[in-house]
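**Q**
There are 2 protein chains.
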Amino acid sequence: MMPPLSERQKRILLLVVREYIESGQPVASQALVRRYHLEFSPATVRNEMAALSEMGYLRQPHTSAGRVPTEEGYRFFVTHLMNQVELPEELQHTITHQFYQSKADVDEWMQLAATILAHQTRAVSLVTAPHPEQVRFKHVELISTQGRQVLMVLVIEGGEVSQQVLALSEPVTQERLSQVAQRLNQALRGLTLEAILAQPRRSDALEQDIFTLIVQDLRRIAEQPAGEVYFDGLTNVLEAPEFIESEELRHALRLLEERTLLKNLLARTVEQSHIGGLQVIIGSDAGWEELRQCSMVLARYGVPGMLTGALGVLGPMRMSYARTIPTVRFMADLLSNLFNEQFTAPTPPSQDAR
Amino acid sequence: MMPPLSERQKRILLLVVREYIESGQPVASQALVRRYHLEFSPATVRNEMAALSEMGYLRQPHTSAGRVPTEEGYRFFVTHLMNQVELPEELQHTITHQFYQSKADVDEWMQLAATILAHQTRAVSLVTAPHPEQVRFKHVELISTQGRQVLMVLVIEGGEVSQQVLALSEPVTQERLSQVAQRLNQALRGLTLEAILAQPRRSDALEQDIFTLIVQDLRRIAEQPAGEVYFDGLTNVLEAPEFIESEELRHALRLLEERTLLKNLLARTVEQSHIGGLQVIIGSDAGWEELRQCSMVLARYGVPGMLTGALGVLGPMRMSYARTIPTVRFMADLLSNLFNEQFTAPTPPSQDAR
DNA sequence: GTTTAGCACTCACAAGCTTAGAGTGCTAAA
DNA sequence: TTTAGCACTCTAAGCTTGTGAGTGCTAAAC
Numbered sequence: 215m216m217p218p219l220s221e222r223q224k225r226i227l228l229l230v231v232r233e234y235i236e237s238g239q240p241v242a243s244q245a246l247v248r249r250y251h252l253e254f255s256p257a258t259v260r261n262e263m264a265a266l267s268e269m270g271y272l273r274q275p276h277t278s279a280g281r282v283p284t285e286e287g288y289r290f291f292v293t294h295l296m297n298q299v300e301l302p303e304e305l306q307h308t309i310t311h312q313f314y315q316s317k318a319d320v321d322e323w324m325q326l327a328a329t330i331l332a333h334q335t336r337a338v339s340l341v342t343a344p345h346p347e348q349v350r351f352k353h354v355e356l357i358s359t360q361g362r363q364v365l366m367v368l369v370i371e372g373g374e375v376s377q378q379v380l381a382l383s384e385p386v387t388q389e390r391l392s393q394v395a396q397r398l399n400q401a402l403r404g405l406t407l408e409a410i411l412a413q414p415r416r417s418d419a420l421e422q423d424i425f426t427l428i429v430q431d432l433r434r435i436a437e438q439p440a441g442e443v444y445f446d447g448l449t450n451v452l453e454a455p456e457f458i459e460s461e462e463l464r465h466a467l468r469l470l471e472e473r474t475l476l477k478n479l480l481a482r483t484v485e486q487s488h489i490g491g492l493q494v495i496i497g498s499d500a501g502w503e504e505l506r507q508c509s510m511v512l513a514r515y516g517v518p519g520m521l522t523g524a525l526g527v528l529g530p531m532r533m534s535y536a537r538t539i540p541t542v543r544f545m546a547d548l549l550s551n552l553f554n555e556q557f558t559a560p561t562p563p564s565q566d567a568r
Numbered sequence: 215m216m217p218p219l220s221e222r223q224k225r226i227l228l229l230v231v232r233e234y235i236e237s238g239q240p241v242a243s244q245a246l247v248r249r250y251h252l253e254f255s256p257a258t259v260r261n262e263m264a265a266l267s268e269m270g271y272l273r274q275p276h277t278s279a280g281r282v283p284t285e286e287g288y289r290f291f292v293t294h295l296m297n298q299v300e301l302p303e304e305l306q307h308t309i310t311h312q313f314y315q316s317k318a319d320v321d322e323w324m325q326l327a328a329t330i331l332a333h334q335t336r337a338v339s340l341v342t343a344p345h346p347e348q349v350r351f352k353h354v355e356l357i358s359t360q361g362r363q364v365l366m367v368l369v370i371e372g373g374e375v376s377q378q379v380l381a382l383s384e385p386v387t388q389e390r391l392s393q394v395a396q397r398l399n400q401a402l403r404g405l406t407l408e409a410i411l412a413q414p415r416r417s418d419a420l421e422q423d424i425f426t427l428i429v430q431d432l433r434r435i436a437e438q439p440a441g442e443v444y445f446d447g448l449t450n451v452l453e454a455p456e457f458i459e460s461e462e463l464r465h466a467l468r469l470l471e472e473r474t475l476l477k478n479l480l481a482r483t484v485e486q487s488h489i490g491g492l493q494v495i496i497g498s499d500a501g502w503e504e505l506r507q508c509s510m511v512l513a514r515y516g517v518p519g520m521l522t523g524a525l526g527v528l529g530p531m532r533m534s535y536a537r538t539i540p541t542v543r544f545m546a547d548l549l550s551n552l553f554n555e556q557f558t559a560p561t562p563p564s565q566d567a568r
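This is the structure we're talking about:
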């Protein structure tokens, strides 16, 4: 439907998008020529700009103002115009270092990833904890706390831990609880939820009770679209003068409160892209009304077949894709590697129990 | 230093604060008289207002504008003028119900408390998970995950759980891990950090390694001023037109990112007030520069001698204290009761293992 | 002595007007 | 096909003015 862009048009579009991302002001033909020492005149630029507007890549806030990219303009920029660079080596090292220095704690990794992502991109970062692709029972522990209160710690393959306090109908000794836990551990270890459902009823009443609770909990975990969501960098976005103008960004931030919505959004990313793949959502691209005027850069990370999570950045449409995209990509790779090492590499030679 | 306020002055101050909290506009003498059918004239009100301004309870944004409460004005209002009401019974029931309906999961309780608090007060809510007053070892569990990777789950008295992934220097079987865990459990159960430090060195190398890690982890927990911080209601405050004006609120929100700062702030509340006690911080009351133009209503909850946490609300100085204070108080009591039941009541008759 | 009516005065705010300047679209010439 | 030139458009900032809300003060009333 669209005539292909000439090289010069591409070049101008590129410059307009870059310039606008940097300044936030509508871009004028003269300014472009002067700033980039173009070998043709403002008038020519204007003609090309008019053509680009015609094609829907640029628009004018009002007659006699400079040009601003449309959603389409940004998309074209991201997919065809931007030169994809890697994060500077030094920065890569610094970031990697921080992860290997922190203790091998998933929670801490997630927090760190969110913080770094937010800081590097100056936008709101989002990271979901990795979620197993299929829930498998690993271990259960029952700890009597007080009277009839029992703490149940349920571990699933992949390392996710769920804890829950139960109130039994009558007090039970720790020995008895340990016994029950041991029997269940032997019977269920490594089984998927389906396999567990196929198990026979327990003869022991307490064991059966716990069994039921385990099933409930596993089901709950399996149904969740993603793990815990971490985010950071709210202030980045609150500080932007942009924020005041754009009513919209505020709407988008509401997503952060609605954890369920957020999880769904991120879960979709997981579905739609492969590990290492990157997804750029510009504006209300995909039916998320909340995202008008905003963009997200998302990536999936994890260990294929084992567990996956998503991470990314939410910011104004006018964000620096050139900085954001490599950062998100690098971070996804980094986390993928970390989890790979943790769960599949048999004996990495570097680390130690400190 | 200050002459005591006459009854009429108190009355006028009360009305000005109420009115301003409601409208956000400077309060005029005429408007007061008309709206509350005062039995004296605007001129009289003006005289009294002038006196109150003199004393530092009110101020004028500019000559010939109505009056606005100063920080002192709010403080006087909160401590002497406000009639302390309880939350409506019905609301109390509704809220209580929600808690008893959710499963007895600390994480879920905290989340719920934050959500309800934010919703009821239309401000940003803050809740810290309860933190033990003294750290006592309860239980350790070692679960082999993959190769040399071991998941350590550490439970301390009071129910807090800390999990951590360790990389051992060589692979170890699950049986061996269970053995070690069992020995440590027997030796350390119920001991405080000090008592554990007085323990002799383990002869078994692996056991000693784990022992060291446990000590490290306990120390980390003991040093933390408070448990995990939950919050909710960001959008409440983003939506207020107030927010745009007040640069300050934005600053205050930065606290939410700086979890450490936030924890300290909340920890101070824990120190300074007894359980059930309430603390109202108005403006830069207490040296927290970030809180200019903001107020916090905080309360401590918990089980005396066992564990405590803090919870409360952060909002613009011009918040509805009459609504906020009872809500925070009620919520603190509710959580206190919940944890009391969970950890001390031997056999509450109501609940069941479902 | 206290209260209040009356009035002059102050100030913010909105509306209307003007000007400056940035930037365009178009046309005609190169 | 490119570009110089020019008329035209639109915004933003500054200025003036009018309006109304609200005060402080004074002198009279209670």
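Going down the list, the sequences are from chains R and P.
Mapping the first sequence onto this note's numbering, position 164 (from 1) lands on 378, and the numbers just tick up by one.
Mapping the second sequence onto this note's numbering, position 147 (from 1) lands on 361, and the numbers just tick up by one.
Where is the CB? At the ideal position from N, CA and C, for every residue including glycine.
Fair warning: this is a prediction, and the values are worked out from it, not measured in the lab.
Pull up the distance between the alpha-carbon of residue 373 of chain P and that of residue 494 of chain R, whole angstroms please.
**A** Here residue 373 of chain P refers to the residue found at position 159 when the second sequence is read from its first residue. Here residue 494 of chain R refers to the residue found at position 280 when the first sequence is read from its first residue. Each residue's Cα considered, the two are about 42 Å apart.
**Q** Comparing the C-beta of residue 549 of chain P with each C-beta of chain R, is any distance below 8 Å?
**A** For the purposes of this step, residue 549 of chain P is taken as the residue at position 335 of the second sequence. Not an interface residue.
**Q** Return yes when the C-beta of residue 515 of chain P is under 7 Å from any heavy atom of the ligand NAP, and no when it is not.
**A** With respect to small molecules bound, the structure shown includes none, and the ligand NAP cannot be examined in it.
**Q** In terms of residue numbering, what span does the beta strand (DSSP E) encompassing residue 360 of chain P cover?
**A** Taking the second sequence and counting its residues from 1, the one referred to as residue 360 of chain P is at position 146. Start and end: 351-360.
**Q** Would you say residue 348 of chain R faces chain P, with C-beta separation under 8 Å as the test?
**A** Working through the first sequence from its first residue, we reach residue 348 of chain R at position 134. Taking Cβ atoms only, chain P never reaches closer than 8 Å to residue 348 of chain R, which makes this a no.
**Q** Counting C-beta neighbours from all protein chains within 10 Å, is the total for residue 254 of chain P 16 or more, i.e. buried, or is it exposed?
**A** As a first step, residue 254 of chain P is located in the second sequence; it is residue number 40 there, counting from the start. Exposed, because fewer than 16 other Cβ atoms sit within 10 Å of the Cβ of residue 254 of chain P.
**Q** Give a yes or no on contact between the stretch 343-356 of chain R and the stretch 381-395 of chain R, applying the rule of three or more CB pairs nearer than 8 Å.
**A** With the cut-off at 8 Å, the stretch 343-356 of chain R and the stretch 381-395 of chain R touch.
**Q** Is the stretch 291-301 of chain R close to the stretch 459-478 of chain R, with three or more CB pairs under 8 Å?
**A** Not touching, per the Cβ criterion.
**Q** With residue 445 of chain R as the anchor, note down where its beta strand (DSSP E) starts and where it stops.
**A** Translated into the one-based positions of the first sequence, residue 445 of chain R becomes position 231. Here the beta strand (DSSP E) through residue 445 of chain R covers 443-446.
**Q** Would you list the residues sitting across from residue 515 of chain R in a DSSP beta bridge?
**A** Taking the first residue of the first sequence as 1, we reach residue 515 of chain R at position 301. For residue 515 of chain R, which the question treats as bridged, DSSP gives the partners R:523.
**Q** Do residue 333 of chain R and residue 523 of chain R have their beta-carbon atoms positioned less than 8 Å apart in this structure?
**A** Here residue 523 of chain R corresponds to residue number 309 of the first sequence, with the count starting at 1. Here residue 333 of chain R corresponds to residue number 119 of the first sequence, with the count starting at 1. No, these two residues do not count as a Cβ contact at 8 Å.
**Q** The alpha helix (DSSP H) that contains residue 252 of chain P, what's its start and end?
**A** Here residue 252 of chain P corresponds to residue number 38 of the second sequence, with the count starting at 1. No alpha helix (DSSP H) holds residue 252 of chain P; DSSP gives it neither H nor E.
**Q** Restricting to Cα atoms, I'd like to know which of R:534, R:432, R:528 and R:512 is closest to residue 546 of chain R.
**A** By 1-based counting over the first sequence, the position of residue 546 of chain R is 332. Among R:534, R:432, R:528 and R:512, the Cα nearest to that of residue 546 of chain R is on R:512.
**Q** So, is the C-beta of residue 499 of chain R closer than 8 Å to a C-beta in chain P?
**A** Translated into the one-based positions of the first sequence, residue 499 of chain R becomes position 285. Judged by the 8 Å Cβ criterion, residue 499 of chain R is not in contact with chain P.
**Q** As a quick exercise: from R:448, R:489, R:550 and R:479, pick the residue whose alpha carbon is nearest that of residue 329 of chain R.
**A** The residue labelled residue 329 of chain R in the question sits at position 115 within the first sequence. Residue 329 of chain R has its Cα closest to that of R:448, out of R:448, R:489, R:550 and R:479.
**Q** What does residue 272 of chain P reach in chain R if we use C-beta pairs closer than 9 Å?
**A** Reading the second sequence from its first residue, position 58 is the one you call residue 272 of chain P. Those do not exist, as residue 272 of chain P stays about 30 Å from chain R at its closest Cβ, beyond 9 Å.
**Q** Does the stretch 312-319 of chain R come within contact of the stretch 373-385 of chain P, defined as at least 3 CB pairs closer than 8 Å?
**A** Enough Cβ pairs lie closer than 8 Å, so yes.
**Q** Flag this pair as yes or no: are the beta carbons of residue 226 of chain P and residue 247 of chain P separated by less than 8 Å?
**A** Position 12 of the second sequence holds residue 226 of chain P. Position 33 of the second sequence holds residue 247 of chain P. The answer is no: Cβ separation not under 8 Å.
**Q** When we look at the beta-carbon of residue 221 of chain R and count the other beta-carbons within 10 Å, is it buried (16 or more) or exposed?
**A** On the first sequence, residue 221 of chain R is found 7 positions in, with the first residue counted as 1. It counts as exposed.
**Q** Apply the 10 Å Cβ neighbour rule to residue 415 of chain R and answer buried if 16 or more other Cβ atoms are within range, or exposed otherwise.
**A** Here residue 415 of chain R corresponds to residue number 201 of the first sequence, with the count starting at 1. So residue 415 of chain R counts as exposed.
**Q** For residue 563 of chain P, collect the residues of the same chain with a Cβ closer than 6 Å to its Cβ; drop the 5 residues on either side in sequence, then sort them by chain order.
**A** Mapped onto the second sequence, residue 563 of chain P falls at position 349. A caution first: residue 563 of chain P carries a pLDDT of 39, below 50, which makes its placement in the model unreliable, though a value can still be read off. The answer is none, since no qualifying residue turns up.
**Q** Looking at the unbroken beta strand (DSSP E) that takes in residue 377 of chain P, where does it start and where does it end?
**A** Here the question's residue 377 of chain P lines up with position 163 in the second sequence. Note, residue 377 of chain P: beta strand (DSSP E), 375-381.
**Q** Classify residue 411 of chain P as buried or exposed, calling it buried when 16 or more other Cβ atoms lie within 10 Å of its own Cβ.
**A** As a working mapping, residue 411 of chain P is identified with position 197 in the second sequence. With fewer than 16 Cβ atoms within 10 Å of its Cβ, residue 411 of chain P is classed as exposed.
**Q** Assuming residue 365 of chain P is part of the beta strand (DSSP E), what are its boundary residues?
**A** Taking the first residue of the second sequence as 1, we reach residue 365 of chain P at position 151. Run containing residue 365 of chain P: 363-370, per the beta strand (DSSP E) assignment.
**Q** Three or more beta-carbon pairs under 8 Å between the stretch 434-443 of chain P and the stretch 428-445 of chain R, yes or no?
**A** In short, these stretches do not touch, since the Cβ pair count stays below three.
**Q** Taking a Cβ distance cut-off of 7 Å, strictly less, list which residues of the stretch 371-394 of chain R are near chain P, in chain order.
**A** For the stretch 371-394 of chain R, which is checked against every Cβ of chain P, the residues closer than 7 Å are 373, 375, 377, 378, 379, 380, 381, 382 and 383.
**Q** In three-state DSSP terms, what is residue 346 of chain R?
**A** Position 132 of the first sequence, counted from the first residue, corresponds to residue 346 of chain R. DSSP places residue 346 of chain R in strand when its eight states are reduced to three.
**Q** Would you give the residue range spanned by the alpha helix (DSSP H) that residue 486 of chain R belongs to?
**A** Position 272 of the first sequence, counting from 1, holds the residue named residue 486 of chain R. 473-486 is the span of the alpha helix (DSSP H), which, as asked, contains residue 486 of chain R.
**Q** Just how far apart, CA to CA, sit residue 541 of chain R and residue 525 of chain R?
**A** Position 327 of the first sequence, counted from the start, is the residue given in the question as residue 541 of chain R. Position 311 of the first sequence, counted from the start, is the residue given in the question as residue 525 of chain R. For residue 541 of chain R and residue 525 of chain R, the distance between alpha carbons rounds to 11 Å.
**Q** Go ahead and label residue 367 of chain P buried or exposed: buried means 16 or more other beta carbons lie within 10 angstroms of its beta carbon, across all protein chains shown.
**A** Here residue 367 of chain P refers to the residue found at position 153 when the second sequence is read from its first residue. Burial call: buried.
**Q** Give the DSSP-derived three-state secondary structure of residue 550 of chain R in the structure shown.
**A** As a working note, residue 550 of chain R is residue 336 in the first sequence. In the structure shown, residue 550 of chain R sits in a helix (DSSP, three-state: H, G or I).
**Q** Can you find a C-beta in chain P that's less than 8 Å from the C-beta of residue 422 of chain R?
**A** Within the first sequence, residue 422 of chain R is the residue found at index 208, counting from 1. Closer than 8 Å: no.
**Q** I'd like the list of long-range same chain contacts for residue 224 of chain P, defined as Cβ closer than 8 Å, with 5 residues on each side in sequence excluded.
**A** Counted from its first residue, the second sequence places residue 224 of chain P at position 10. Excluding sequence neighbours, residue 224 of chain P sits near 294 and 295.
**Q** Go through its chain and collect everything with a Cβ distance to residue 382 of chain R's Cβ below 7 Å, but skip five positions before and after it.
**A** Working through the first sequence from its first residue, we reach residue 382 of chain R at position 168. Taken in chain order, the residues that qualify are 362 and 364.
**Q** For residue 495 of chain P, does the three-state DSSP call read helix, strand or coil?
**A** The sequence position of residue 495 of chain P within the second sequence is 281, counting from 1. Residue 495 of chain P falls in the strand class under three-state DSSP.
**Q** Hey, how far is the Cα of residue 401 of chain R from the Cα of residue 327 of chain R?
**A** Counting from one through the first sequence, the residue named residue 401 of chain R turns up at place 187. Counting from one through the first sequence, the residue named residue 327 of chain R turns up at place 113. Those two C-alpha atoms are separated by around 37 Å.
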